[in-house]
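Structure first, then comments.
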């Protein structure tokens, strides 16, 4: 009887999606709902929670350290957008050109850094940006007569170091996204443009860029997400969650500091909710804008 | 006109290739530096940092000998990572593909709502759940267990999404003919559909495997017991302010990249398919 029920065509789809429903309820919806509740509480692991209303939020917006964390995360995210969208797009167009040789070789080798873990890549870059005269970056700058720099004790330099790490790891992957976007562009467009006497730049601007827009939207969306949620890169680069004057502190880093290191679960939950709101607002605005441009083109 | 055109093309070609060679060299420098430093004593790293100087006087195989024969936990971490990665990939793929088939093969009440939930998970950064999820894991007494790492992601939204896209291209006639032959709904999936999903399994195995092998933050939070540490956590503990473990840190980092590189060379296509799974294809 039960067997017949489970085997029926009506019930089977629910059996198939059941694992997702369970995981979604237990490990996603419940923690998310709990996060909202906790953000209005004063709460520590293993103790009874105390309701404090919006106190955590009003404290957050005057918390200078939190504002530093937001600034760092947003600057990092914007940096990855500026560096990891136009350049990979350009490299993909170049590698895709008929004139290029050794395509597969370059594609594979640019991809290699993406295979390294944050732990390994972070270690490498922490030592590359060491403050000693002989460390890689300082000895390179030394060639131009620059005095050794204490990179990881300076706000601008450490942001640069984090961005260089991101570029090293993700340029190749984003380039592959663009290459697969380029594959879907019909060659006829270019032939027609050639007959009309369009220059290479005109073709890039009027054909390639607009037709790569779906890829650009996708890459922007994941970059916003990853940029705002960045934490482990900073954790490795500064060898811990504490950096001088919090120059390497990110939003998730602050969430971790409050929730895990200081056991202030309610306050950390409020940080999480603020991050959720920021990520949603940016992504929805971005999607709305790219949708609006589409209408104009039609 | 034709001659100057081809001359221009030649110049453009040379400029482009030179440009890409320079880019290639820049990208390879960190790998070269690590490989080189794994032959140098850790002490020189503390004093001079990671660099490209080729000093044969201080270079030796000592670190490699220490890696393979010394008394340390490196290979405990290594095999823990290996075990966790394989377990996580097998279970996640099995469950996610099963779920994806439900979404792809049937029309049922609530399907659209549930699929929006899949998309929602993909859009919300996992990190915001760190604290409530940690307290849940604590309440469930799963701290220090690999289940705490595997379970929350076992029906992985991104993986379900990818499998569903892939399954949509499979003709429904296969399912119909299975029903005509009298097979039940699950037999149809396991015997007829799963075998033709092989390429998508390969791509997702690589993507999930990479994420699992490299995962640092969540395992670092839930695993407190040294004997359960994975490779990224272990390497992180070697990075101390005193630098007393640098002999092992660099050679260990170098050695941890090698298995992935070998897999990459063998299964390049699947790596690229897996890593760019979300890309918009025309």
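Residue numbers (UniProt numbering), protein chains in the order written: chain Z, 1 to 298; chain P, 1 to 282.
Backbone N, C-alpha and C fix where the C-beta goes; we use that ideal spot for every residue, glycine too.
Just so it is clear, the structure is predicted and the values come from calculations on it, not from any experiment.
- DSSP state of residue 62 (chain P), grouped into three classes? Helix at residue 62 (chain P).
- Look up residue 9 (chain Z) in the DSSP assignment and say whether it is helix, strand or coil. The answer is coil: DSSP assigns residue 9 (chain Z) none of H, G, I, E or B.
- Inter-residue CB distance, residue 197 (chain P) and residue 166 (chain P) (contact presumed, cutoff 8 Å): Their Cβ separation, rounded to whole angstroms, is 7 Å, which keeps residue 197 (chain P) and residue 166 (chain P) in contact under 8 Å.
- Item | Best match in P:29, P:22 and P:204 for proximity to residue 86 (chain P) [C-alpha to C-alpha] | Distances from the alpha-carbon of residue 86 (chain P) to those of P:29, P:22 and P:204 put P:204 closest.
- Message: Let me make sure I understand the geometry here. Which of Z:271, Z:116, Z:93 and Z:250 has the alpha-carbon closest to that of residue 208 (chain Z)?
- Response: The candidate whose alpha carbon is nearest that of residue 208 (chain Z) is Z:93.
- Would you list the one or two residues that DSSP bridges to residue 42 (chain Z)? Looking at the DSSP output, residue 42 (chain Z) shares a beta bridge with Z:50.
- Quick check: the region 260–272 of chain Z against the region 237–256 of chain P, are there 3 or more CB pairs under 8 Å? By the Cβ test, the region 260–272 of chain Z is not in contact with the region 237–256 of chain P, since fewer than three Cβ pairs between them sit closer than 8 Å.
- Three-state secondary structure (DSSP) of residue 56 (chain P): Residue state, collapsed to three classes: coil.
- Contact with chain P by residue 201 (chain Z), beta-carbon distance below 8 Å: Chain P has no Cβ within less than 8 Å of the Cβ of residue 201 (chain Z).
- Report the residue from Z:226, Z:80 and Z:156 whose alpha carbon sits nearest the alpha carbon of residue 245 (chain Z). Closest by C-alpha distance to residue 245 (chain Z), out of Z:226, Z:80 and Z:156, is Z:156.
- Task: Select from the region 53–68 of chain Z all residues with a C-beta closer than 7 Å to any C-beta belonging to chain P, and list them in chain order.
- Result: So nothing in the stretch comes that close.
- residue 56 (chain Z) by DSSP, collapsed to three states: which one? In the displayed model, residue 56 (chain Z) falls within a helix according to three-state DSSP.
- Query: Measuring CB to CB, does residue 154 (chain P) end up less than 8 Å from residue 240 (chain P)?
  - Reply: At the C-beta level, residue 154 (chain P) and residue 240 (chain P) stay beyond 8 Å of one another.
- Message: Beta-carbon within less than 6 Å of residue 281 (chain P)'s beta-carbon, same chain only, minus the 5 sequence neighbours each way: which residues are those?
- Response: Unreliable placement is indicated for residue 281 (chain P), whose pLDDT of 40 sits below 50; no coordinate value is reported for it.
- Message: List, from N- to C-terminal side, the beta strand (DSSP E) runs of 3 residues or more that fit wholly inside the region 181–247 of chain Z.
- Response: Qualifying beta strand (DSSP E) stretches: none in this window.
- Query: How about the region 200–215 of chain P and the region 266–276 of chain P: do they share at least three Cβ pairs that are nearer than 8 Å?
  - Reply: The region 200–215 of chain P is in contact with the region 266–276 of chain P.
- Item | Minimum length 4: unbroken alpha helix (DSSP H) runs contained in the region 4–34 of chain P | Segments of the alpha helix (DSSP H) lying fully in the region 4–34 of chain P: there are none.
- Tell me which same chain residues have a C-beta within less than 7 Å of the C-beta of residue 40 (chain P), skipping the five on either side of it? Excluding residues up to 5 positions away in sequence, 58 and 59 lie with their Cβ nearer than 7 Å to the Cβ of residue 40 (chain P) in the same chain.
- Message: Quick check: what's the CA-CA separation for residue 66 (chain Z) versus residue 253 (chain Z)?
- Response: Within the model, the alpha-carbon separation for residue 66 (chain Z) versus residue 253 (chain Z) is close to 10 Å.
- Item | Exposure of residue 149 (chain P), with buried meaning 16 or more beta-carbon neighbours within 10 Å | Looking at its Cβ environment, which holds 16 or more other Cβ atoms inside 10 Å, residue 149 (chain P) is buried.
- Excluding sequence positions up to five away, which residues of its chain have a Cβ less than 6 Å from the Cβ of residue 63 (chain P)? When the five nearest sequence neighbours on each side are left out, the beta carbons in the same chain lying within less than 6 Å of the beta carbon of residue 63 (chain P) are those of 38, 247 and 251, in order along the chain.
- Task: Return the residues of the region 214–238 of chain P that lie within a Cβ-Cβ distance of less than 9 Å from chain Z, sorted by chain order.
- Result: Flagged, chain order: 214, 215, 216, 217, 220, 221, 231, 232, 233, 234, 235, 236 and 238.
- Message: Is there a Cβ of chain P sitting closer than 8 Å to that of residue 247 (chain Z), yes or no?
- Response: Residue 247 (chain Z) has a beta carbon lying at 8 Å or more from every beta carbon in chain P.
- Item | Through-space distance from residue 118 (chain Z) to residue 286 (chain Z), alpha-carbon basis | Here the alpha carbons of residue 118 (chain Z) and residue 286 (chain Z) stand approximately 28 Å from one another.
- Tell whether a beta-carbon distance below 8 Å holds between residue 253 (chain P) and residue 232 (chain Z). Not in contact: residue 253 (chain P) and residue 232 (chain Z) (Cβ atoms no closer than 8 Å).
- Message: Let's test the definition: count the other Cβ atoms within 10 Å of the Cβ of residue 82 (chain Z) and tell me whether it reaches 16, buried, or not, exposed.
- Response: Under this definition residue 82 (chain Z) is an exposed residue.
- Taking just the CA atoms, how far does residue 96 (chain Z) sit from residue 110 (chain Z)? The straight-line gap from Cα to Cα measures roughly 14 Å.
- Message: Going by beta-carbon coordinates alone, are residue 121 (chain Z) and residue 165 (chain Z) separated by less than 8 Å?
- Response: For residue 121 (chain Z) and residue 165 (chain Z), yes; Cβs fall inside 8 Å.
- Message: Using a Cβ-Cβ cutoff of less than 8 Å, which residues in the same chain neighbour residue 52 (chain Z) once the five nearest sequence positions on both sides are dropped?
- Response: In its chain, beyond the 5 residues on either side, 40, 41, 42 and 266 have a beta carbon closer than 8 Å to the beta carbon of residue 52 (chain Z).
- Query: Can you list the residues of chain P that residue 35 (chain Z) reaches, using a CB-CB cut of under 8 Å?
  - Reply: Ordered by position in chain P, the residues that pass the 8 Å Cβ test against residue 35 (chain Z) are 128, 129, 131 and 132.
- Report the residues of the region 83–101 of chain Z with a CB closer than 8 Å to any CB of chain P, ordered along the chain. Taking 8 Å as the cut-off between beta carbons, the residues of the region 83–101 of chain Z near chain P are 91, 94, 95, 97, 99, 100 and 101, in sequence order.
- Item | Residue from Z:146, Z:101 and Z:163 with nearest C-alpha to residue 73 (chain Z) | For the residues Z:146, Z:101 and Z:163, the minimum Cα distance to residue 73 (chain Z) belongs to Z:163.
- Message: Can you list, in chain order, the residues of its chain with a C-beta nearer than 6 Å to that of residue 126 (chain P)? Leave out the 5 residues immediately preceding and following it.
- Response: Excluding sequence neighbours, residue 126 (chain P) sits near nothing in its chain.
- Compute the Euclidean distance between the alpha carbons of residue 214 (chain Z) and residue 156 (chain P), then round it to the nearest angstrom. Take the alpha-carbon of residue 214 (chain Z) and the one of residue 156 (chain P): they are about 24 Å apart.
- Item | residue 249 (chain Z), DSSP secondary structure in three states | Coil.
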